[in-house]
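Visitor: Chains as they are written, first to last, in the working numbering: chain A, 741 to 1019; chain B, 1226 to 1385.
Using N, Cα and C, we set each Cβ at its ideal position, and we do this for glycine too.
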Amino acid sequence: MTKFKRIAVILAGEFRTWPRAAEYLFKLFEDRAEQVDYYFVTWNVCTQTGVAKPITDHDVLAPFQKHNVKPYKYLVIDPIGKQRTTFWNHAWLVKVGNILKRRTEQEEDFVYDQVIETRPDIYLKRNPTSRWVPCKDFEYEGGRPIMGDSNYDSGFLTMPDHYFRTNSYTNDIVSNRYSFKKSKEHYTVTWHVGWQFYNHHWTLSNYLIMRLLKPRVYEEGWPTRDYKYFCPIRPNFPEDMNLDEQHELHVLQPLFDGWGRPYDHLFYGPQSNEPIVDL
Amino acid sequence: MNIALIFHNFVGDESTVINTVNPVTIIRCNTPGKLLAFRDISLDIDEQIYIERKKIDWVLYATDANIRWDDFKQLSKYVEIASDTVYLTGRNPWPWHDGKEPANMLGNFYCRPHLFTVLGSVYKIDTEGKLDKKSDLVTDDITKLIYGINRTGFDFKNIP
């Protein structure tokens, strides 16, 4: 397994279940490099349980302290309002994480060997056969081959949006995606005829293809993926459950599916009536 | 229009450009090399937009007062916010040089802020064995920038 000199892990997204996910995220990255620098960016409010829960610096730092890890830089920021879809809310946070990383590279006059962008609420199961082959310019680890019903018309287009590993240059490109917007007319008309073209996976795939980036998975295949399984950790996951000991498809997946999306109509969720601010 | 005005090793009277453009922010950079200068400038622009929440929808990079402001104003009405094109102020013949120095293939230009991010990261690209410079007409830095623009799917053109 490759061990890098210095990597950046950018944790960007809604706060959600960060206290639960932290343990497993730190475990995934702990032996991947001589130095692992964590960057954390989130909104100062979390709405996952249907109420607007304020998020403070203390909330962000507590899981780091519990696991004896120090964040390199972090920011807790005001929301930016409802966007066309939550793809753009997430893209804003990812961009801020990237800026913090780039400022470190400038101040300390170096370039990270690899950069991982992921979310603070994600469970990623370690893959014992993973080799973490270094991604070169314009390559990324994070896509997946078309599987089963995940075809072009399902809206998925091979791209999950929860994990990217790249080199530092390609991270600057991938994290620049807030700017990727089509015309207002395109959005308005397309939204009414088919949602797939504005979901995260379609938008992200469109962006990555336009930027001529290449997924490594198509060369290496499934067994060498950085992680063996993923799912977002939802509030209904039992507090005392060791996720590494659970069957992915029989236990974790049903828990994730069981939570559903009960609050999409609230706050800046996709079904809310808040006016969109970027049009 | 909300313009970030960049002065990089500017030669001439800054005030004429400032009074013409009326920018929302001015960034002065004296870093000698273009690649690291773009790194520093792009960080400043991105921090102003994404952390300070300043509204910036265009960037003007200027090394002299030839900015073709009236022509750009006409053009800008038709350029989408997600435009992937660097608009050069250009002059004929292009690429322009005086025979004593390499051609300034970029010169002054306008672009959307997200494009400047890309220019600011070009210094990281490993171009070993990838550049096939056809002549000594251009510097290595300019060659690398043009490689970066093309390889990432962007475009550049002279303002008509």
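Which chain B residues are close to aspartate 777 of chain A, counting only those with a beta carbon under 9 Å from its beta carbon?
Guide: Chain B residues near aspartate 777 of chain A: none, gap ~16 Å exceeds 9 Å.
Visitor: Using a 10 Å radius around the Cβ and a threshold of 16 neighbouring Cβ atoms, would you call threonine 796 of chain A buried or exposed?
Guide: Threonine 796 of chain A should be labelled exposed.
Visitor: Taking the straight line between their C-alpha atoms, what separation do you get for asparagine 1255 of chain B and arginine 974 of chain A?
Guide: Cα-Cα distance, rounded: 50 Å.
Visitor: Could you compute how far the alpha carbon of histidine 830 of chain A sits from the alpha carbon of serine 945 of chain A?
Guide: So the alpha carbons of these two residues sit roughly 15 Å apart.
Visitor: Any beta-carbon of chain B closer than 8 Å to the one on tryptophan 931 of chain A?
Guide: No, no contact with chain B.
Visitor: Note down, in chain order, every chain A residue with its Cβ under 8 Å from the Cβ of valine 1343 of chain B.
Guide: The contacting residues are Asp912, Ile913 and Asn916.
Visitor: With 7 Å as the limit, tell me which residues of the region 814 to 840 of chain A have their beta carbon closer than that to any beta carbon of chain B; keep them in chain order.
Guide: For the region 814 to 840 of chain A, which is checked against every Cβ of chain B, the residues closer than 7 Å are Trp832, Lys835, Val836 and Ile839.
Visitor: If we count the other Cβ atoms within 10 Å of its Cβ and call it buried at 16 or more, is glycine 837 of chain A buried or exposed?
Guide: That one is buried.
Visitor: Quick check on aspartate 901 of chain A - is its C-beta less than 8 Å from some C-beta in chain B?
Guide: Not an interface residue.
Visitor: Output yes or no for whether 8 Å exceeds the beta carbon distance between valine 691 of chain A and alanine 792 of chain A.
Guide: Absent from the model: residue 691 of chain A. The displayed extent of chain A is 741 to 1019, so no value can be given.
Visitor: Using a Cβ-Cβ distance cut-off of 8 Å, determine whether methionine 950 of chain A contacts chain B.
Guide: Yes, because at least one Cβ of chain B sits closer than 8 Å to the Cβ of methionine 950 of chain A.
Visitor: Kindly indicate which residue of B:Gly1237, B:Lys1355, B:Leu1370 and B:Lys1349 has the alpha-carbon position closest to the one of asparagine 1291 of chain B.
Guide: Of the candidates B:Gly1237, B:Lys1355, B:Leu1370 and B:Lys1349, the one whose C-alpha sits nearest the C-alpha of asparagine 1291 of chain B is B:Gly1237.
Visitor: Give the interface partners of serine 1301 of chain B over in chain A, defined as CB-CB distance under 9 Å, in chain order.
Guide: By Cβ distance, chain A contributes nothing, its closest Cβ being about 16 Å from serine 1301 of chain B, past 9 Å.
Visitor: Tell whether a beta-carbon distance below 8 Å holds between valine 1284 of chain B and phenylalanine 1381 of chain B.
Guide: Cβ atoms of valine 1284 of chain B and phenylalanine 1381 of chain B: not closer than 8 Å.
Visitor: Buried or exposed: asparagine 1375 of chain B, going by 16 or more other Cβ atoms within 10 Å of its Cβ?
Guide: Asparagine 1375 of chain B comes out exposed.
Visitor: Leaving aside the five residues before and after leucine 983 of chain A along the sequence, list all residues of the same chain whose C-beta is less than 7 Å from its C-beta, in chain order.
Guide: Correct list, in chain order: Tyr764, Tyr863 and Leu992.
Visitor: For arginine 1337 of chain B, which option in B:Leu1313, B:Asp1282 and B:Thr1250 has the closest C-alpha, if you only look at C-alpha atoms?
Guide: Ranking B:Leu1313, B:Asp1282 and B:Thr1250 by Cα distance to arginine 1337 of chain B puts B:Asp1282 first.
Visitor: Is phenylalanine 1263 of chain B a contact residue of the ligand ATP, with contact defined as CB to any heavy atom under 7 Å?
Guide: Judged by which ligands are present, the structure shown has none, so any question about the ligand ATP falls away.
Visitor: Where do the ends of the alpha helix (DSSP H) carrying alanine 802 of chain A lie?
Guide: Residues 797 to 806.
Visitor: What first and last residue would you give for the beta strand (DSSP E) that runs through lysine 835 of chain A?
Guide: Looking at the DSSP string, lysine 835 of chain A is not in any beta strand (DSSP E); the run it does join, the alpha helix (DSSP H), is 826 to 848.
Visitor: Smallest Cα separation from alanine 773 of chain A: which of A:Trp872, A:Gln846 and A:His807?
Guide: Of the candidates A:Trp872, A:Gln846 and A:His807, the one whose C-alpha sits nearest the C-alpha of alanine 773 of chain A is A:Trp872.
Visitor: Check whether chain A comes within 8 Å of tyrosine 1275 of chain B, counting only Cβ atoms and requiring the distance to be less than that.
Guide: Yes, because at least one Cβ of chain A sits closer than 8 Å to the Cβ of tyrosine 1275 of chain B.
Visitor: Less than 8 Å between the CB atoms is what I'm expecting for lysine 806 of chain A and tyrosine 967 of chain A, so what's the real figure, rounded?
Guide: That belief does not hold up - the Cβ atoms of lysine 806 of chain A and tyrosine 967 of chain A are roughly 22 Å apart, past 8 Å.
Visitor: Is there at least one Cβ from chain A nearer than 8 Å to lysine 1279 of chain B's Cβ?
Guide: No, its Cβ sits nowhere closer than 8 Å to a Cβ of chain A.
Visitor: Would you kindly check if the distance between the Cβ of tyrosine 880 of chain A and the Cβ of arginine 905 of chain A is under 8 Å?
Guide: Yes, Cβ-Cβ distance for arginine 905 of chain A and tyrosine 880 of chain A is below 8 Å.
Visitor: Helix, strand or coil for aspartate 889 of chain A? Go by DSSP, reduced to three states.
Guide: With a pLDDT of only 48 at aspartate 889 of chain A, under the threshold of 50, the placement of this residue in the model should not be trusted, and no figure is reported.
Visitor: Taking the beta carbon of proline 1002 of chain A as the centre, do at least 16 other beta carbons fall within 10 Å, making it buried, or is it exposed?
Guide: So proline 1002 of chain A counts as exposed.
Visitor: Rounded to whole angstroms, what's the CA-CA distance from leucine 1300 of chain B to phenylalanine 970 of chain A? Just pull it up for me.
Guide: Approximately 47 Å between the Cα atoms of the pair.
Visitor: Whole angstroms is fine: what's the gap from glycine 1332 of chain B's alpha carbon to aspartate 1357 of chain B's?
Guide: For glycine 1332 of chain B and aspartate 1357 of chain B, the distance between alpha carbons rounds to 22 Å.
Visitor: Would you list, in sequence order, the uninterrupted alpha helix (DSSP H) runs of no fewer than 4 residues that lie entirely inside the region 898 to 973 of chain A?
Guide: Segments of the alpha helix (DSSP H) lying fully in the region 898 to 973 of chain A: 908 to 914, 924 to 933, 940 to 950 and 957 to 960.
Visitor: Are there three or more Cβ pairs, one per stretch, closer than 8 Å when the region 907 to 921 of chain A is compared with the region 844 to 859 of chain A?
Guide: As far as the Cβ criterion goes, the region 907 to 921 of chain A touches the region 844 to 859 of chain A, which means the pair count is three or higher.
Visitor: Check this for me: beta carbons of aspartate 901 of chain A and histidine 940 of chain A, under 8 Å apart or not?
Guide: Yes, they are a contact pair.
Visitor: Quick one, are the C-beta atoms of phenylalanine 766 of chain A and valine 809 of chain A less than 8 Å apart?
Guide: Yes; because the gap between Cβ atoms is below 8 Å, this pair is in contact.
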